[in-house]
Amino acid sequence: MSFISTLIVSAGIIGMILLDDVDITEVNYTPISVDSFFLGFGAMFFALGGAATFPTVQNDMKNRNDFPKSAFLAFALVLFLYLPLSILGCLVYGDQLTENILDSVPPSAFKISIEILSVFHMIFALPLVISPCSLELEELLNIPQEFGWKRVALRSSIMAFILFVGVTVPEFGKVMHFIGGSVIVLTTNVFPCACYLQLISQKNPAWKKKYN
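Numbering (numbering that gives the first Met the number 0), first residue to last: 0 to 211.
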């Protein structure tokens, strides 16, 4: 359901951009600088850095051996949605492109429907994204994995905190760039490699040797 709503939102935004009466020849583009590079770097990692949720996704799969296929397909679909929007938005609006691309397109009833679908996407996708954090906190607080009031209270508190941050932070784009360029880089590129090296360094005579 989340992917379907995202697909409709992406197609709708592309349609609104194409219908917007903008002369591309008069669009100004921001020169590339070190600052803009690292801002873009953080934004890309925030958008594509989902490695922290991969163990949870694989754990919930019926056949865990198919995880590489599902990960490849997921990234291919994400790029299929992201690239047309980002390239087209940059070409049409240039330096006037806002952090939320919906703020760049002209107001209309169709835009309102796209925003409503975006809300549906968040509702369906957010539980999956915050699941690793929720499970970790449940383990630290000794909360049973079965459905109960403690689990409901904890996850409701997490959602309330997320809502508080979303309402109180005026320019979340800067926070997104910071998190993407720092925390997500670690959880996506550094920690998985470190954990893998630690795991393969362990030896046990009973284990079957898969490498020389």
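Backbone N, C-alpha and C define an ideal beta-carbon position, used for all residues, glycine too.
A residue is called buried once 16 or more other Cβ atoms fall within 10 Å of its Cβ, and Phe-45 is buried on that count. Excluding its 5 nearest sequence neighbours in each direction, Pro-131 has C-beta neighbours in its own chain below 8 angstroms: Ala-51, Thr-52, Pro-54, Thr-55, listed in chain order.
Considered as a whole, the stretch 52-81 harbours 53-59 as its complete alpha helix (DSSP H) runs of no fewer than 4 residues, in chain order.
Between Phe-119 and Ser-4 the beta-carbon gap is near 5 angstroms, inside 8 angstroms, which marks them as a contact. Counting only the Cα atoms, Ile-7 lies some 22 angstroms from Met-43. In this structure the stretch 89-104 lies against the stretch 9-21, because at least three pairs of beta carbons, one per stretch, are closer than 8 angstroms.
Contact between Ile-13 and Leu-101 is absent: CB atoms are separated by about 12 angstroms, not below the 8 angstroms threshold. Look at Gly-147 here: in three-state DSSP terms it is coil, with no helix or strand label. Taking Leu-38 as reference, the option from Leu-136, Asn-64, Gln-197, Gly-180 with the minimal CA-CA separation is Gly-180. Ranked by Cα distance from Ser-133, the options Met-158, Thr-97, Lys-202 are led by Met-158. Listed in chain order, the non-local C-beta contacts of Thr-187 below 6 angstroms within the same chain comprise Gly-48, Ala-50, local neighbours out to five positions each way being set aside. The three-state secondary structure of Lys-202, taken from DSSP, is coil. DSSP places Ala-124 inside the alpha helix (DSSP H), whose first and last residues are 108-139.
When the five nearest sequence neighbours on each side are left out, the beta carbons in the same chain lying within less than 8 angstroms of the beta carbon of Pro-83 are those of Ser-9, Ile-13, in order along the chain. Put simply, the backbone Cα of Lys-149 is about 17 angstroms away from that of Phe-160.
A straight-line Cα-Cα distance of about 18 angstroms links Ala-73 and Ser-85. Within the same chain, and ignoring the five residues on either side of Met-60 in sequence, the residues whose Cβ sits closer than 8 angstroms to its Cβ are Phe-66, Ser-69. If you draw a straight line from the Cα of Gly-165 to the Cα of Ala-152, it is about 20 angstroms long.
Just so you know, the alpha carbons of Val-168 and Met-175 end up roughly 11 angstroms apart.
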